[in-house]
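Note that numbering that gives the first Met the number 0 has the sequence shown beginning at 0, numbered continuously upward.
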Amino acid sequence: MLELASTQPVEDIAVADLVRAARINRTTFYKHAGSPAEVLKQLLYEDLDRVRVGWLEEASASGLSPQDVWEHASAALVDHLERYDAVYTVGLTDRHSTVLHYLLVDHFTASVRTLLDHNRGAVPAGAGSLVWRTEAASRFLAHGEAGLVEAWMSLPAPRDRSLFVSAAAALLPSWLVLPRP
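In structure tokens, the structure reads:
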């Protein structure tokens, strides 16, 4: 799957091509997934979930500031992006893959929601319930982070890791970084 997704957007991969490359039959394929996109999402989510668990554990145990946590998380994300560089370059450059875009948005939404669930004081004040404000803030940050990934992946390789990490930290909203009075 990764080899195929490294050469074309996942939306363009036919089940026939995937089963041929994997040397399995269609019945076996459909027992495990409904589409090539679903297979790719499973593979990437597994690694992204491992990354999330690592930085959330670090955030909980270390007492780091939200900005430091975000920088560490961004560095771990860059590691993931570099592991799957060809997949993300093909899929995100020139917006070829909505599947990859929304995979990242979903992952970032869940990550930010988890961070805010553990730090309710960081959720912005305003109209609406705490649950709604947490969801809105999570989605807002997730779409921005996905855009940052797309901008970084559009740069020619080799990409500057520190550029991504510093941009992610600099773009973090003040309501998450600054302590509340």
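Positions of the beta carbon are idealized from the N, C-alpha and C atoms, including for glycine.
I need the straight-line Cα distance from V164 to T26, nearest angstrom please. As a first step, residue 164 is located in the sequence shown; it is residue number 165 there, counting from the start. As a first step, residue 26 is located in the sequence shown; it is residue number 27 there, counting from the start. A direct Cα-to-Cα measurement between V164 and T26 gives close to 43 Å.
With DSSP collapsed to three states, give me the class of Q7. Within the sequence shown, residue 7 is the residue found at index 8, counting from 1. In this structure, DSSP gives Q7 a state outside helix and strand, which the three-state scheme calls coil.
Spatial neighbours of L17 within its chain, please: CB distance less than 8 Å, with the 5 preceding and 5 following residues excluded, ordered by chain position. By 1-based counting over the sequence shown, the position of residue 17 is 18. Closer than 8 Å at the Cβ level, and outside the excluded window around L17, lie M0, L3, F28, P35, V38.
If you reduce the DSSP assignment to three classes, tell me which class H95 lands in. Here residue 95 corresponds to residue number 96 of the sequence shown, with the count starting at 1. DSSP places H95 in the coil class of the three-state scheme, outside both helix and strand.
So L115 packs on A136, CB below 8 Å; how close in whole Å? Residue numbering aside, residue 115 sits at position 116 when the sequence shown is read from its first letter. Residue numbering aside, residue 136 sits at position 137 when the sequence shown is read from its first letter. At roughly 6 Å, the Cβ-Cβ gap stays under 8 Å, so L115 and A136 are in contact.
For L80 and V148, which I take to be in contact (beta-carbon distance under 8 Å), what is that distance rounded to the nearest angstrom? For the purposes of this step, residue 80 is taken as residue 81 along the sequence shown, with counting starting at 1. For the purposes of this step, residue 148 is taken as residue 149 along the sequence shown, with counting starting at 1. A Cβ-Cβ distance of about 7 Å is found for the pair L80 and V148, placing them in contact under the 8 Å criterion.
Apart from the five residues on each side of it in sequence, which residues of its chain come closer than 7 Å, Cβ to Cβ, to T88? Counting from one through the sequence shown, the residue named residue 88 turns up at place 89. M152.
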